[in-house]
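Under the working numbering, the first residue of the sequence shown is numbered 40, with each subsequent residue one higher. All C-beta atoms in this analysis are idealised placements derived from N, C-alpha and C, irrespective of residue type, glycine included.
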Amino acid sequence: MKVVFIINEKAGNGAAKRKWNYLEKSLQIPYQIEFTAYPGHATEIAKRYANSAIVQSEKYLLIAIGGDGTVHEVVQGILESEEICIGAIGAGSGNDFGRGYETFKTVAEIEAYVEQRSEGQLMDIGTMQRNGDTYYFVNNAGIGIDAYIAKEANESKLKQYFNILRLGKLTYIYFLLKALLNFKTFSAKVVHNGQEKVFEKVWLVVAGNQPYFGGGMKVSPYSIPNDHHIELTVVYEISRLKLLFLFSTVFFGKHTGLKAVQQYSAKEFKVEIYNEVKAHTDGEFAGRTKEYESIHFGVIHKAWQLARKSS
């Protein structure tokens with residue numbers, strides 16, 4: 040098994056670079072290094088190794104060092120590849136992938152995985168289809184205030200400052216407070232299993248493949264990333280003040296019983312958005328919806344292999 044580290048040095052305002060410099064000193068196994076240089080580069084790198092694995096009949100362990108966006112890109116590059124396993128060491132602001140998928144934290148865990156020739160665990164990947172394009176997500180995809188927050192945070196220098204102070208978890212909370220002042224709710228219709236329901240004054244619609252988003256918030260507590268289902272969460276008809284309280288319960292997954300929260304589990308959903316609203320996949324901006332745009336959420340079963348630390 041060949042080991043390749045794909046490193047986004049800028050992730051976490053340099054945290055990924057610092058983490059790699061620390062890990063590199065202890066590594067005792069052969070490895071290759073790839074550094075990303077621009078958005079989408081990690082996907083290109085991963086595709087190259089996926090093709091090499093086929094030609095060489097060689098298994099690869101690709102380990103992403105960066106934030107959730109870096110892992111998101113790497114997984115997109117190796118979908119349905121039987122010769123590639125994906126591992127990760129979180130070094131971003133949110134690191135929700137690490138929470139949901141229990142990935143590597145130390146050099147010893149990586150070396151044990153390689154030496155034991157451990158097998159990867161097959162995982163699902165979520166899909167969001169809109170305007171003829173397909174977007175993939177390993178964590179979640181959202182429409183509404185969460186996408187608004189993600190875009191604001193990714194474009195703001197404050198995110199860098201929080202990361203410097205090692206307060207990355209506060210990024211989402213800060214921009215949530217800001218969004219509460221000016222975000223406009225929207226209307227949406229959810230269709231699944233032959234049933235439909237219209238929601239008014241919607242704050243967000245989130246499709247989850249694993250429980251966490253926003254730096255540790257357990258928005259979709261019942262999500263299992265390899266059960267061939269995704270969970271859809273709708274938050275609606277709640278005041279700004281009560282929404283703030285609701286988000287405080289999300290860290291513990293205690294929001295699901297609240298009146299303003301509706302959750303579904305299925306293999307696919309159709310969501311019709313009645314207004315222009317921002318969308319995201321794994322925290323990466325995925326454009327704005329048009330009025331009365333139909334969005335399809337689905338899941339591809341056993342689409343990629345996860346390298347988990349040996350127990």
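Could you tell me the alpha carbon to alpha carbon distance between residue i and residue j, rounded to whole angstroms?
{"i": "Thr109", "j": "Thr173", "result": "18 Å"}
{"i": "Ile149", "j": "Phe44", "result": "11 Å"}
{"i": "Leu297", "j": "Leu216", "result": "21 Å"}
{"i": "Lys58", "j": "Ser157", "result": "24 Å"}
{"i": "Glu141", "j": "Asp135", "result": "10 Å"}
{"i": "Ile263", "j": "Lys144", "result": "21 Å"}
{"i": "Thr75", "j": "Ile84", "result": "8 Å"}
{"i": "Val146", "j": "Glu332", "result": "46 Å"}
{"i": "Phe286", "j": "His294", "result": "8 Å"}
{"i": "Phe214", "j": "Glu97", "result": "45 Å"}
{"i": "Gln160", "j": "Pro78", "result": "27 Å"}
{"i": "Lys309", "j": "Ala325", "result": "17 Å"}
Does the distance between the C-beta of residue i and the nearest non-hydrogen atom of the ligand PLP fall short of 7 Å?
{"i": "Ser91", "result": "Because no ligand of any kind appears in the structure shown, any question about the ligand PLP cannot be addressed here."}
Can the beta-carbon of residue i be found less than 8 Å from the beta-carbon of residue j?
{"i": "Ala180", "j": "His319", "result": "yes"}
{"i": "His268", "j": "Val338", "result": "yes"}
{"i": "Gly254", "j": "Ser65", "result": "no"}
{"i": "Ile102", "j": "Val42", "result": "yes"}
{"i": "Val249", "j": "Thr272", "result": "As written in the sequence, residue 249 is Gln, which differs from the Val given in the question. Cβ distance not < 8 Å, so Gln249 and Thr272 don't count as in contact."}
{"i": "Gly183", "j": "Leu243", "result": "yes"}
{"i": "Gly105", "j": "Ala50", "result": "yes"}
{"i": "Ala151", "j": "Tyr187", "result": "no"}
{"i": "Asp163", "j": "Asn265", "result": "yes"}
{"i": "Tyr275", "j": "Val241", "result": "yes"}
{"i": "Ala55", "j": "Ile68", "result": "no"}
Along the alpha helix (DSSP H) that carries residue i, what are the first and last residues, could you check?
{"i": "Val177", "result": "Neither: Val177 is in no alpha helix (DSSP H) and is coded neither H nor E."}
{"i": "Ile93", "result": "His80 to Gln95"}
{"i": "Arg57", "result": "Ala54 to Glu63"}
{"i": "Gly108", "result": "Asp107 to Gln115"}
{"i": "Val146", "result": "Val146 to Glu154"}
Could you please give the first and the last residue of the uninterrupted beta strand (DSSP E) stretch that includes residue i?
{"i": "Ala342", "result": "Glu332 to Leu345"}
{"i": "Thr166", "result": "Gln160 to Arg169"}
{"i": "Arg327", "result": "Glu323 to Arg327"}
{"i": "Ile188", "result": "Segment Ile184 to Glu194 is the alpha helix (DSSP H) holding Ile188; no beta strand (DSSP E) there."}
{"i": "Phe143", "result": "Counting along the chain, Phe143 falls outside any beta strand (DSSP E), and DSSP gives it neither H nor E."}
{"i": "Ala50", "result": "No beta strand (DSSP E) contains Ala50, which DSSP labels as neither H nor E."}
{"i": "Ala76", "result": "It is not in any beta strand (DSSP E) - Ala76 carries neither H nor E in the DSSP assignment."}
{"i": "Ala318", "result": "Lys317 to Thr320"}
{"i": "Ile125", "result": "Ile123 to Gly129"}
Short of 7 Å in beta carbon distance, which residues of its chain neighbour residue i, apart from the five on each side in sequence? Order them along the chain.
{"i": "Glu235", "result": "Lys228 and Val229"}
{"i": "Phe354", "result": "It is not possible to answer for residue 354, since the shown part of the chain is limited to 40 through 350."}
{"i": "Glu119", "result": "Ala342"}
{"i": "Gly247", "result": "Asn179, Val258, Ser259, Ser262, Ile269, Glu270 and Thr272"}
{"i": "Thr224", "result": "Lys240, Val241 and Trp242"}
Which residues in the same chain as residue i place their Cβ atom closer than 6 Å to its Cβ, once the five residues preceding and following it in sequence are excluded?
{"i": "Glu323", "result": "Gly108"}
{"i": "Val237", "result": "Lys228"}
{"i": "Gln168", "result": "His335"}
Tell me which same chain residues have a C-beta within less than 8 Å of the C-beta of residue i, skipping the five on either side of it?
{"i": "Lys281", "result": "Ala299"}
{"i": "Gln71", "result": "Lys41, Val42, Val43 and Phe44"}
{"i": "His80", "result": "Glu112"}
Kindly provide the ranges of any alpha helix (DSSP H) runs that are 4 or more residues long and lie completely inside the segment 251-310, ordered along the chain.
-> Taking only runs of at least 4 residues, the alpha helix (DSSP H) segments lying wholly in the segment 251-310 are 279-289.
Would you list, in sequence order, the uninterrupted beta strand (DSSP E) runs of no fewer than 3 residues that lie entirely inside the segment 214-245?
-> Counting only runs of 3 or more, we get 225-231.
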